[in-house]
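The next block holds one structure in the form of structure tokens; read it before the comments.
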Amino acid sequence: KEQCVALKKMKEERLQYLSEAQQYKKLYEEQKRQQVGDKENMGAKVDSSEIKTLQETKTALENKLRKYAAHCQRLEGEKEAIIDSVKGCDIGDTSIASMLENDVAGAVMAVIEKVAS
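Just so we're aligned, residue 1 is where the sequence shown starts under the UniProt record's numbering, counting upward by one.
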């Protein structure tokens, strides 16, 4: 049951990271467009502090995306471990094995309920 709670929490965190990554990506694109617009309006003159800010934003986004990708890989690894563990349980119910493909948390809950009864 704790694994189900942890899995749900990880799903929520994943969604939050996705949302934040999209927000940062939009912000980066807006700043990039603004920089291009400024170059067109002012010629080739661009404020070096603005470039530095954009580079820092880009670096921060890259780091955040790397962390997010690593986090997603860990989640997928944990999910596969849970699936393997549930498949390894011989409880005589084939419906649980078929549930694993679509609803891992539901399959784990079904195993817990089956074991508890």
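Note that CB positions come from ideal geometry on N, CA and C, so glycine has one too.
Keep in mind it's a predicted model, so treat the numbers as computed, not measured.
Complete runs of the alpha helix (DSSP H) confined to the region 56-100 [at least 4 residues]: 94-99
Leu18 burial status per 10 Å Cβ neighbour count (16 or more: buried): exposed
Cβ shell of Lys11 (< 7 Å), same chain only, five flanking positions each side left out: none
Cβ neighbours of Ala21 in the same chain (closer than 7 Å, five flanking residues each side left out): Lys64, Leu65 and Tyr68
Where Ser48 sits in the DSSP three-state scheme: helix
6 Å CB neighbourhood of Leu61 in its chain, flanking five on each side removed: Tyr24 and Tyr28
DSSP three-state assignment for Ser117, whether helix, strand or coil: coil
Nearest-angstrom Cα separation, counted from Lys79 out to Lys52: 40 Å
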